[in-house]
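Those protein sequences? They're chains A, B, C and D, same order as listed. For what it's worth, my numbering labels the leading residue of the first sequence as 2, then goes sequentially. For what it's worth, my numbering labels the leading residue of the second sequence as 2, then goes sequentially. For what it's worth, my numbering labels the leading residue of the third sequence as 2, then goes sequentially. For what it's worth, my numbering labels the leading residue of the fourth sequence as 2, then goes sequentially. Read through the structure below, which is laid out as structure tokens, and then see the notes.
There are 4 protein chains.
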Amino acid sequence: MKNRRLRMGMVGGAVGAFIGPVHRMAATLDGEAELVAGAFSSNPAKSRKTGGELMLDPRRTYDSYREMIAKESKLPPGERVDFVSIVTPNASHFDIASAFLKAGFNVVCDKPMTTSLKQAKDLHRLVRKTGKVFALTHNYTGYPMVKQARHMCGKGMLGKINKVVVEYPQGWMAGFITNPGNAIGMWRMDPKIAGGSCCIGDIGIHAENLVRYITGLEVEELCADLSTFVKINKLEDDGNILIHYKGGARGILYASQISAGEENPLSIRVYGTKLGLEWRQEDPNYLHVKDPAGYRTRYSKGNDYLCPEAKGAARLIWGHPDGFIEAFANIYREAYRGIRAEIAGKRMPVCDHPTSLDGVVGLAFIETVLASGRSRSKWTRMKS
Amino acid sequence: MKNRRLRMGMVGGAVGAFIGPVHRMAATLDGEAELVAGAFSSNPAKSRKTGGELMLDPRRTYDSYREMIAKESKLPPGERVDFVSIVTPNASHFDIASAFLKAGFNVVCDKPMTTSLKQAKDLHRLVRKTGKVFALTHNYTGYPMVKQARHMCGKGMLGKINKVVVEYPQGWMAGFITNPGNAIGMWRMDPKIAGGSCCIGDIGIHAENLVRYITGLEVEELCADLSTFVKINKLEDDGNILIHYKGGARGILYASQISAGEENPLSIRVYGTKLGLEWRQEDPNYLHVKDPAGYRTRYSKGNDYLCPEAKGAARLIWGHPDGFIEAFANIYREAYRGIRAEIAGKRMPVCDHPTSLDGVVGLAFIETVLASGRSRSKWTRMKS
Amino acid sequence: MKNRRLRMGMVGGAVGAFIGPVHRMAATLDGEAELVAGAFSSNPAKSRKTGGELMLDPRRTYDSYREMIAKESKLPPGERVDFVSIVTPNASHFDIASAFLKAGFNVVCDKPMTTSLKQAKDLHRLVRKTGKVFALTHNYTGYPMVKQARHMCGKGMLGKINKVVVEYPQGWMAGFITNPGNAIGMWRMDPKIAGGSCCIGDIGIHAENLVRYITGLEVEELCADLSTFVKINKLEDDGNILIHYKGGARGILYASQISAGEENPLSIRVYGTKLGLEWRQEDPNYLHVKDPAGYRTRYSKGNDYLCPEAKGAARLIWGHPDGFIEAFANIYREAYRGIRAEIAGKRMPVCDHPTSLDGVVGLAFIETVLASGRSRSKWTRMKS
Amino acid sequence: MKNRRLRMGMVGGAVGAFIGPVHRMAATLDGEAELVAGAFSSNPAKSRKTGGELMLDPRRTYDSYREMIAKESKLPPGERVDFVSIVTPNASHFDIASAFLKAGFNVVCDKPMTTSLKQAKDLHRLVRKTGKVFALTHNYTGYPMVKQARHMCGKGMLGKINKVVVEYPQGWMAGFITNPGNAIGMWRMDPKIAGGSCCIGDIGIHAENLVRYITGLEVEELCADLSTFVKINKLEDDGNILIHYKGGARGILYASQISAGEENPLSIRVYGTKLGLEWRQEDPNYLHVKDPAGYRTRYSKGNDYLCPEAKGAARLIWGHPDGFIEAFANIYREAYRGIRAEIAGKRMPVCDHPTSLDGVVGLAFIETVLASGRSRSKWTRMKS
């Protein structure tokens, strides 16, 4: 039972950030939560400016996440935040998330969960130990038609899955190849902030997560070819990966930030013995079902014939496009079910959102890719 | 300056309604407003149930809009709602909107504004007299790429506009042709609730509004062929209209609810002497610019080269789909600029949302279409 | 039984013409016919030049169609042409076709068949009297997926058809609106050569023919709005038409030559009580079947599940695009079945190509449209 | 100067074959050649039946290619075939082509040219020695928009090319995974007839050739993961390949025959520092040019702004789809320029068709892929 709005806190997401506002809109879309506190930047002035623009109570706009933990913890249970959303650059996720968990707060965290597999495992253990909700925003799994694809794979409608092609090309770094000066200061290219990977850590792991969510396939070994085209990038900006999944399926996964002219066309194609499937993030309200007989059926969001998960994930009926924010909001909505149970001291329900376990697999994937890349694309077993 | 969230009230939009929840999500998407009161149904129990699910203060869940006006008016200025969203069936818009305006509240109202041109004019006069904000949710004008299309037409980039084709086919009533029993009780088919028109009043006026918003063209005369395929429908469910716009452009506008298998593909094509344009609601983040030289350029949302209005209307960068709710929210965001000015007693800014004037034109269009339809498609001058 | 290639003659189609080469490629694509004679232009030098480029025997390159008839008639039956393809501008079709039929030749003729309904009827009577084959190249009916659409309508798979939207916008005249000088001398704008109609006669009748071929629907009455945007055009270059089909279906048909940036997107959408269909000429190898339940199936050419007519009309398997020429060649291939029967003195088989009867309906349609256009879009009964 | 039709002979292509009829239609589409002789099958009865259906002179329907060479060679120069098209399964190409070349005939040969790199080199040497025309039908290079892509890459419009993704998934073997019995006897799976590769040799080399034709990039080394999903297949039916091109570009090339529900969607995406390009075989008349600024321009066939090669390769103007056969015919048309020069004893012009050198590279590619595949995807230098 929902008898009140959840109180949300945020770390990161100052004015001008990209993902912070997305989290805020997604978190409050359904009227289930309200942002009441935040440490929006490591720069106190910037944090306060953001709090002001968000019309927050100035007393709950903090100068640091540590201050936030300290002061929120002292508020009465009926006032303090129920959960915190962490939307800072990668390298700080581990410390911040750990601190909030230890202080008894539920956590929603942007991906990648940490910058090392070791940290990921530690954090995962901490999550289990504390019993708090931890939701990782692999947001693409929130799209209704992704859920329909998962349903069809899970029900065996494709037969045995033999091949998966997942791709995530972006082009926004292409211009930096000839004008590297424009890229100066980009944290995604800085191992100290981004971790050991640029392209794979930023978008490649979305692709891996999407495959796993839809098909259930787990990487057995992989063979990665990583390149850096932007000179001042200390990390890779293009990665092409061959994959052997457990059970025999073959895969191609690639991610790129130098594919000039591409926006955000994450896509996945899954081929079984009975059917093929295709889903494209830039046209997210459709799922294309390919029949070997030679016709192809476009399922569309918001219709009655879809599985309950797909139907439930659509906020609008057919023909009225749900977008990125709505998919993102589905991660939050599922997290809220857990958070409400946690608050009420009830048994944790099964919630359809990525967890710290997905975070562990994501970091294992990144480290395996980097290892293979360093070894001239040698087949490398998935770390665990 | 935004120093607080606006307080929103709602009339209509009980549990199970389609458009009410859309208004709620759109209104609060940007964190600028909060729903605090409502009369969600003419059935008090249903209203209270809805208030409960929305976690409202039970004291502000009202049994009728009249009660809502009476009680909200007595609240201190710092508590009472700043505006009300009216999302009831068509026939009640006029009374409800008039009552709230007279009581000093700003109004957001779903379309069609009223069920007669006379009412529309009366309401428009009332809006002007009260000086309150009145926003009409012709939501399709909220899409970023619609604003880009408007910009390009306005700047003369198309040359002189000669031809417009706008279409709004839906198929959800097609099944009622053979199974009319399933349609029993549908208010859209009942002139007492829907007004004099079903298909044109529900969706055709969106098409007319879209043409006017993008091109600035005004209907001079039209020639309408209206049909009813669903037997128990007392109004039309298919309308095909030829249009002469002022200044010489020719148009086709059609709306249909019996186009089996269509979801919500409102689309517009505009042809000038220099360029053609195409926009499609089901794929809303793109605008297709057709060059007579034989190439076609797809503009996409969230990019720097777009006009300020299109850029400002996108919540997310390129490749991250904005959807129906975000477009809808743009109507609210613009209305809020007016409402904040009204509250602050400042000069009303120019706000980019449909107004009561659009409501008047919409009703004039409906009545002209009905008149032409009754006269066996005689060319009929646009009423005014 | 095919024991020899048919001998083809051609009237019109000199070097530089558009449709002449299409006929030549289409007629010979399957190795069933060979071009052996021609009067390619009313300008003898141009005719001879064309014959030379086509590597014809100079003795069979004629200065006029009259000379061609005279000389070919004197050749022994084993040498003279079996049929003639008439690809001249509209106004000469009647005389040329009549002369060849009277001289005992089979005829393939481009559309529109004649420039008046009276001529069309006369020619149709002559065809029946002579018993010769007369094929009219409404080539769009040759596409495999158009045949599948026809099959599905004919079998009642759509239920009762209630609505048809057929459109044929082109943009190539848009530039002439501001630069009329570039259009000087265009025969399509000259009533003496084109007949009474430009846009409808050139492309609108393809649209009408396509509707009739696919759905079997016949126009009962229509209401036409015709415009001329190119100043030096003596005929219409934009036509928007509302249609009442016999049996109650409603339709919109429009054709335009001033829709800037459009190439050749003839398309048709048919809506029945059970299903909707869509076919687009610029993407011709697919047929889109729209189910009211909210999914849509794309049938594609060259697959086993299609009807025999669609399968037979594809020259290549799935995924290997058939194009305009192949569709055109299907008209010829069907005509050849008739021509071979005629030569063999056998009973005429049922051949799937447009005939002189389609020519009569086409001219009736043109004249009805023009009559309605002249009477300020009055509903006008289809002439017959 | 074309003063006569070329005389064409064919080896292979009996009734029921797929590619033989394509060659016949393509070869004669422009009226430049006529099929006059053939050895259509190693089964004499089948060869004669085919000759009969093609209405050939029975004396020139041969029981074997050896008989064809012997008898055609004895015909007077003005009667014997000018060239022969070889459309038999792979393993026989080498012997047949060699024999015809040695006997003084020009050759058009289907791909792959031979079944070993050694044979390919020998054949290439023979071609050079004899001075005859040898055209290899990598037909996809015949599409107009592929030529436009090549033009743009060659002119540097993309800047430096950094990434290429080329894919060729088919699904027609997917059904054999669960029903292998249906695949019994398929020559493509038999190393004795197909050579050492199934999927790569059949379609992968089209992909390699397409990349090279468009971009000019040459494979430096590659890393291949080959799989066999159809149990009775003795060769691979799925191949995923990472590529390092000379000069630093990275690539992914994959070909598959078990991608359920895919028809023939060969596609290529090329990313440079300035622009991206995309072309898709199933929608061949468009080229998509992706600008990093965030818009994308669709070039379409048959327009004036295209490069001369693209314009010349289109048989029809804009909006009138050219298909697979027309692209195929462009290979022939270019070969004819060479053949006519060869016959006339003139200097060989530069002809835009794949040659025996492409055949050598194709076989080198296949053998390199197989070698890498056998060595657990080790990076393997391109053989030469």
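The beta-carbon is built from N, C-alpha and C at its ideal position, and this holds for glycine as well.
Asked: Between the CA atoms of L118/C and E222/B - distance to the nearest angstrom; Found: 32 Å
Asked: Paired residues, beta bridge with F84/C - DSSP; Found: M9/C and N107/C
Asked: CA nearest to the CA of K50/A, picked from A150/A, K161/A and V16/A; Found: V16/A
Asked: Any 3 or more C-beta pairs closer than 8 Å across the region 318 to 335 of chain D and the region 306 to 317 of chain B; Found: no
Asked: CA-to-CA distance, V147/D to L358/D, given in whole angstroms; Found: 20 Å
Asked: Cβ shell of T356/A (< 8 Å), same chain only, five flanking positions each side left out; Found: V128, F135, A136 and L137
Asked: V85/D beta carbon less than 7 Å from that of F101/D; Found: yes
Asked: Range covered by the beta strand (DSSP E) that runs through E279/D; Found: G277 to R281
Asked: Option nearest K3/A by Cα separation, candidates R338/A, K347/A and W380/A; Found: R338/A
Asked: Whole-angstrom distance between K164/D and C200/D, CA atom to CA atom; Found: 23 Å
Asked: Reduced DSSP category for D191/B - H, G, I as helix; E, B as strand; rest coil; Found: coil
Asked: Delimiting residues of the alpha helix (DSSP H) encompassing A136/A; Found: Taken as a continuous stretch (DSSP letters only), A136/A belongs to no alpha helix (DSSP H), being part of the beta strand (DSSP E) at F135 to L137.
Asked: Which residues DSSP lists as bridging D226/D, in chain order; Found: N241/D
Asked: Beta-carbon proximity check, V108/B vs H24/B, cutoff 7 Å; Found: no
Asked: Residues sharing a beta bridge with V167/D, DSSP; Found: L254/D and I269/D
Asked: C-beta contact flag for G360/C and M11/C at 7 Å; Found: no
Asked: Interface positions of the region 299 to 313 of chain B facing chain D (Cβ-Cβ less than 8 Å), listed along the chain; Found: R299, Y300, S301, G303, N304, D305 and Y306
Asked: Supposed contact pair A315/D and G324/D - C-beta distance, whole angstroms, cut 8 Å; Found: Rounded, the Cβ-Cβ distance is 11 Å, inconsistent with contact.
Asked: Three-state class that DSSP yields for E263/B in the structure shown; Found: coil
Asked: Amino acids of chain B, ordered along the chain, whose beta-carbon sits closer than 7 Å to that of R151/D; Found: What R151/D touches in chain B: nothing, since even the nearest Cβ is about 18 Å away.
Asked: C-beta atoms of G215/B and R151/B nearer than 7 Å; Found: Reading off the sequence, residue 215/B comes out as Ile, not Gly. In this structure, R151/B lies closer than 7 Å to I215/B by Cβ.
Asked: Proximity test, Cβ basis, 7 Å: G386/D and chain B; Found: No information on residue 386/D is available, as it lies outside the stretch 2 to 385 that chain D covers here.
Asked: 8 Å contact criterion, which L159/B and E209/B should meet: CB distance rounded; Found: No, L159/B and E209/B are not in contact; Cβ-Cβ is about 19 Å, not under 8 Å.
Asked: Beta bridge counterpart(s) of I162/D as assigned by DSSP; Found: G273/D
Asked: Whole-angstrom C-beta distance between Q149/D and N267/D, which should lie under 8 Å; Found: Checking the sequence, you will find Leu at residue 267/D rather than Asn. Contact doesn't hold; Cβ gap of about 16 Å is too wide.
Asked: Inter-residue spacing [alpha-carbon to alpha-carbon] between V166/D and D284/C; Found: 24 Å
Asked: Buried versus exposed call for I185/B [16 or more other C-beta atoms within 10 Å across all chains shown]; Found: exposed
Asked: Reference S385/B, options A345/B, M190/B and A121/B, closest by Cα; Found: A121/B
Asked: Under 8 Å from the C-beta of S378/A: neighbouring residues of chain D; Found: C224, L243, S378 and W380
Asked: First through last residue of the beta strand (DSSP E) which encompasses V16/C; Found: That residue, V16/C, is in no beta strand (DSSP E); it is neither H nor E in DSSP.
Asked: Limits of the unbroken alpha helix (DSSP H) element including G176/A; Found: A175 to T179
Asked: Where A342/A falls: helix, strand or coil (DSSP); Found: helix
Asked: Straight-line Cα distance separating K133/D from R126/D; Found: 11 Å
Asked: N-terminal and C-terminal residue of the alpha helix (DSSP H) that V128/C is part of; Found: L118 to T131
Asked: Which residues DSSP lists as bridging R382/B, in chain order; Found: E222/B
Asked: Buried versus exposed, by CB contacts within 10 Å (16 or more), F179/C; Found: Note on identity: in this sequence residue 179/C is Thr, with Phe being the wrong assignment. T179/C comes out exposed.
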